[in-house]
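Each protein sequence line maps, in turn, to chains A and B.
Per our numbering, the first sequence starts with residue 1173, numbered consecutively.
Per our numbering, the second sequence starts with residue 49, numbered consecutively.
Backbone N, C-alpha and C define an ideal beta-carbon position, used for all residues, glycine too.
Small disclaimer: the values here were computed from a predicted structure and weren't measured.
To keep things clear, I will list the structure first and then write my remarks on it.
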Amino acid sequence: MTYIAKPKFHHPGLPKNELGFTHRDYEGKVSTLCAGCGHDSITGAIIEACFQLSIEPHRVAKISGIGCSSKTPDYFLGNSHGFNTVHGRMPSVLTGANLANRDLIYLGVSGDGDSASIGFGQFAHSIRRGVNMTYIVENNGVYGLTKGQFSATADRGSKSKRGVVNSDSSIDLAAIALQLGASFVARSFSGDKTQLVPLIEAAIRHRGAAFIDVISPCVAFNNHTGSTKSFDYVREHNEAVNRLDVITSRAPIQIEYKPGSVQMVEQHDGTTLALRKLDADYDVHDRLAAQGFLAKHTAKGQVVTGLLYVDPEAEDLHAHLNTVNTPLNSLGTEQLCPGSAALDKINASLR
Amino acid sequence: MKPTDIAAPDYFHKVVDCQWACPAHTPVPEYIRLIAEGRYSDAYMVNWKSNVFPGILGRTCDRPCEPACRRGRVEKDPVAICRLKRVTADYKDDVSGRMPKPMTKNAQNGKRVALVGGGPASLTVARDLAPLGYACTVFDQDPRSGGMMRSQIPKFRLPDAVIDEETGYILDMGIEFIGGKRIDSLKALLAEGYDAVFVGSGAPRGRELDIPGRKEAAKNIHIGIDWLSSVSFGHTTKIGKRVIVLGGGNTAMDCCRSSRRLGGEDVKVVVRSGFEEMKASPWEKEDAMHEDIPILNFLVPKEFTHDNGKLTGVVFEKVKAEYDAKGRRNLVNAGEPDQHIPCDDVLVAVGQENAFPWIERDIGIEFDKWDMPQVDAKTMASTHPGVFFGGDSAFGPKNIIWAVAHGHDAALSIHKLLSGEDITERPLPDVQVSSQKMGIHEWSYDNDISGDKRFRVPMRDKVIALKDIRAEVELGFDPQLAFAEAQRCLNCDVQTVFTSSLCIECDACVDICPMDCITFTANGEETDLRTRLKAPAVNLTQDLYVADGLKTGAVMVKDEDVCLHCGLCAERCPTGAWDMQKYLIDMTHANSSCQQTRSAA
């Protein structure tokens, strides 16, 4: 790890966003992860996405569990709210926080151990309920903190650094998220920020459970020949279905697209997702087809990336529960506890 | 773009902006690190090797290094390089034992070199040549050596003791100094059978200001450099209460500040140009204004007024600047009435000129239309095979550090000439590049960037300083301040070196770089690439470092402009594709090792 603090000086010509911040203003502390860790690139992508969207840092709550990935919220958005939960319990803490204050932007950061092993159930239920959040799994296929055992997302047949072959079936979190009803599902690669940053931006702007599985090579334990989560393997087997540009209403469309090559997806908040199709037949609105496509390509050893599924009309947990628009934590005692007369009325209606 | 050839000596040299800007190419970051370590003597010797007069230059240099300093592009002010140089001289131990020893007559090579003028250029030539066995003889009109450093720079900026010490190191190498002897004929000097002659006679003539009243009031109108020299040697000890200094260069600043110490109470500097366009260094203007000397601008002197042979004042025409289509400035009448400023004395410091009445025009030395000798900028050779020029006498008035640079070049030429070699063939400098890695995150230099602003040099109290013309105004940094200022240096000589074959394109360097210097992208033309980087590369004077050979076909592009050399790219690189390597360049001097071996062989 690096012992010195990152110098405060920044490039004099750095662009500023609508709030007058540079991307440096979205940083946290210097990473203590191994040099070259894919997770640091994801950190960089989150910083860039929040900068691009001109998000006020104090409007963000970053919540994580345990593991290398779950350490990363310390390295970005140093001025945001944060909660480092017990192992695998990020989804329930996030759900609770979201119910109490629906106005914040929720960023759940987790890893393959945190979400596919100890917290697998938590992951499933937060997706299933449609909590309005961006759920990012930094997926490297190994338990890095305990020196490189296979995790639940390691592919069957892939090799550990010491040459052991994995005999267990792997969990494909993106496929599961699709199955559980996530309204935004994407996969990306830490080594491809041009793909990853817009996906994070779109996920943040999405209302509902947005899930991104980011393959993030572990340079210490899983970046060798025989690994299916290495830089080289992912680059060679990357099957990107589309490229995404996020167009906010404030920033007019700058890019010119060839007709027919682009699918425009309007989101709730007025953002437009411009999808440049790389696979002509792929339809991002067809959940079933997406599941089939994933399964087919995964069987061939390919890593499908891009925006896999989006439901622009999705509703979130608050809509399902029909909660008031005012965040619960801002309601006064009178509204939260209307008195015994009101209780009697409710009781009477149930008799 | 083509991949950058980092093996070319100039590429990394340019990255060390200060060293590149220094005419003598002093390895600045190297000696600043030594200061931080408290190794003042070593830091002094690093300087001494390159610029010969660290104590003198540390007080008086025109510091081309400082405007070039990268720190000035990263934050507001550059590192106080010049005053740190003085620190090495102030706190060093006795270094006389580290100086070359005089050679015995028998050990000498039997070649004799005459040097005309005892200033920085000649002394540099002598210093470079004497240890190689040349018998050097320096002639100067003044009784003591140092040239303009002694005669024209006021003692409150540069005490005699410093000049004595540093000229002493050179003369103690067995160099013959003949003071009080003015060379009146180059022909006669050549006839004395010297193997080579070096002319370092400076630009000794102050420019005249021929306007009405000049002759009548001559008693109270003085030529700046002559007056300064007269003050230096103690012949002039007072001046009138009201003094006008005409001119906007550093000589004018020395004149006005000297006047304040010799009885001038109401001293003004009056310049033709605007304040901003004045030739004087900003810090010298500041020092003058600090001593309550106003600088009046856009005033052109028209006439000296006088009464019975006594100067009464100067009439000025008020002008303004107008720029023509080509951007050239013209000073035109501002349409305001002329101003009369009363005064008792005037010092004219409107420029210096060369004068070579002592060089016969029929001895093979060609002069150009400005009556300047034709001198080759690289070899410092004149059109006479055995005569070389340097310092102000070569290309007109510059400053000490240029004189030193000329001296090194001329000495190399003389050495090559007298070794029977082609003087136009200049050996390449010696370059060393070595990794600074000590451990996983440990470097042999301090890479934690200091956020301090530039420290001010402590000054003597103004009331006391103005009472004594020999009391040095600047007190110099104390060791604590020197350390803090030294820590501001960005170690630009510790280079970021990239090895494509090791790179796995994980982006760690891109993410950590505090200045957004590094980008991995598709290659393109330079103008296009400059717009596609993580931060725009708008400073065209700074190179892009491009490396190809990456697996994805992308190129690594690093904009050198504002790199802090913090080494975080190398710290965060998992494969060692980035390394921090110290680049040391040894400029070719007459005594460079390769030269010695060759002449020995």
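Starting from residue i, find everything on chain B with Cβ-Cβ shorter than 8 Å and list it in chain order.
i, result
"R1407 (chain A)", "K599 and T600"
"G1210 (chain A)", "C554"
"G1216 (chain A)", "D555, V558 and D559"
From residue i to residue j, what distance separates their C-alpha atoms?
i, j, result
"S441 (chain B)", "S249 (chain B)", "6 Å"
"M49 (chain B)", "I566 (chain B)", "15 Å"
"D1516 (chain A)", "T1505 (chain A)", "18 Å"
"V291 (chain B)", "I389 (chain B)", "10 Å"
"L1508 (chain A)", "G1302 (chain A)", "24 Å"
"P342 (chain B)", "L514 (chain B)", "16 Å"
"R646 (chain B)", "F204 (chain B)", "Its pLDDT being 43, under 50, R646 (chain B) is placed unreliably by the model, and the measurement read from it follows with that caveat. Each residue's alpha carbon lies about 46 Å from the other."
"E1438 (chain A)", "D541 (chain B)", "53 Å"
"D1458 (chain A)", "Y1481 (chain A)", "7 Å"
"N639 (chain B)", "H463 (chain B)", "9 Å"
"N1251 (chain A)", "P1229 (chain A)", "6 Å"
"V511 (chain B)", "R308 (chain B)", "11 Å"
"L632 (chain B)", "P475 (chain B)", "16 Å"
"D596 (chain B)", "C561 (chain B)", "20 Å"
"D90 (chain B)", "M428 (chain B)", "30 Å"
At 8 Å on the CB atoms, spell out the chain A contacts of residue i, in chain order.
i, result
"H613 (chain B)", "None at all; the shortest Cβ gap to chain A is about 11 Å."
"V13 (chain B)", "Here chain B has residues from 49 to 649 only, and residue 13 (chain B) is not among them."
"V76 (chain B)", "Here the premise fails: no neighbours, minimum Cβ distance about 20 Å."
Going by C-alpha to C-alpha distance, which of the options sits closest to residue i?
i, options, result
"G1293 (chain A)", "A:I1348, A:N1251, A:G1316 and A:L1317", "A:I1348"
"M246 (chain B)", "B:E123, B:H432, B:R502 and B:C551", "Correcting the residue type first, residue 246 (chain B) is Phe in the shown sequence and not Met. The option with the nearest alpha carbon to F246 (chain B) is B:H432."
"G383 (chain B)", "B:A583, B:K374 and B:A369", "B:A369"
"R111 (chain B)", "B:D125, B:D176, B:C130 and B:L581", "B:C130"
"D1344 (chain A)", "A:T1204, A:L1279, A:G1254 and A:I1384", "A:I1384"
"Q400 (chain B)", "B:G103, B:G296 and B:K267", "B:G296"
"G241 (chain B)", "B:K229, B:K159, B:D314 and B:V173", "B:K159"
"S549 (chain B)", "B:G524, B:A534 and B:V603", "B:V603"
"K235 (chain B)", "B:E256, B:I413 and B:W491", "B:I413"
"R1272 (chain A)", "A:L1493, A:L1522, A:A1513 and A:N1519", "Note that residue 1272 (chain A) corresponds to Ala in the displayed sequence, not to Arg. Answer by Cα proximity: A:L1493."
"G444 (chain B)", "B:P477, B:T427, B:E469 and B:F404", "B:F404"
Whose Cβ in chain A lies nearer than 7 Å to the Cβ of residue i?
i, result
"E619 (chain B)", "T1174 and A1207"
"A583 (chain B)", "H1183, G1185 and L1186"
"L616 (chain B)", "T1174 and K1178"
"P562 (chain B)", "K1178, P1179, F1181 and H1182"
Contact check, residue i vs residue j under 8 Å by CB: the rounded distance?
i, j, result
"I226 (chain B)", "T185 (chain B)", "6 Å"
"M628 (chain B)", "F1181 (chain A)", "Contact flag wrong, Cβ pair sits at about 18 Å."
"I211 (chain B)", "R198 (chain B)", "5 Å"
"G106 (chain B)", "K133 (chain B)", "4 Å"
"L344 (chain B)", "V380 (chain B)", "Actually they do not touch by this definition, with Cβ atoms about 18 Å apart."
"L1249 (chain A)", "G1200 (chain A)", "6 Å"
"V1434 (chain A)", "A1446 (chain A)", "5 Å"
"L177 (chain B)", "A459 (chain B)", "5 Å"
"L616 (chain B)", "R119 (chain B)", "Rounded, the Cβ-Cβ distance is 17 Å, inconsistent with contact."
"V161 (chain B)", "D258 (chain B)", "About 40 Å separates the two Cβ atoms, so there is no contact after all."
"D171 (chain B)", "V100 (chain B)", "According to the sequence displayed, residue 171 (chain B) carries Leu and not Asp. With 8 Å as the limit, L171 (chain B) and V100 (chain B) qualify as a contact, their Cβ atoms being about 7 Å apart."
"Y59 (chain B)", "D53 (chain B)", "7 Å"
Residues of chain B with CB under 9 Å from residue i, in chain order?
i, result
"F1403 (chain A)", "I552, E553, C554 and K599"
"V1303 (chain A)", "Neighbours of V1303 (chain A) on chain B: none; closest Cβ ~29 Å, over 9 Å."
"S1213 (chain A)", "C554, D555, A556, V558 and D559"
"V1391 (chain A)", "I552, C554, A556, P622 and T623"
Which chain A residues are close to residue i, counting only those with a beta carbon under 9 Å from its beta carbon?
i, result
"H489 (chain B)", "M1173, T1174, Y1175, I1176 and A1207"
"V545 (chain B)", "The contacting residues do not exist; V545 (chain B) stays about 17 Å from chain A at best."
"V605 (chain B)", "Simply none; closest approach about 14 Å."
"V542 (chain B)", "Neighbours of V542 (chain B) on chain A: none; closest Cβ ~14 Å, over 9 Å."
Checklist entry - Listed in chain order, which residues of the stretch 1174-1187 of chain A have Cβ atoms closer than 9 Å to some Cβ of chain B? => result T1174, Y1175, I1176, A1177, K1178, P1179, K1180, F1181, H1182, H1183, P1184, G1185, L1186 and P1187
Checklist entry - the stretch 1355-1371 of chain A: which residues have C-beta closer than 8 Å to a C-beta of chain B, in chain order? => result S1362, G1363 and K1365
Checklist entry - Got a sec: which bits of the stretch 206-226 of chain B sit with their beta carbon under 8 Å from any beta carbon on chain A, in order along the chain? => result none
Checklist entry - Of the residues that make up the stretch 494-522 of chain B, which ones have a beta carbon closer than 7 Å to any beta carbon in chain A? => result Within the stretch 494-522 of chain B, the qualifying residues are N495, D496, I497 and G499.
Checklist entry - Can you list, in chain order, the residues of the stretch 121-133 of chain B whose Cβ is nearer than 9 Å to any Cβ on chain A? => result R121, V122 and E123
Item to check | Interfacial residues, the stretch 361-381 of chain B to chain A, with Cβ spacing under 9 Å | outcome: none
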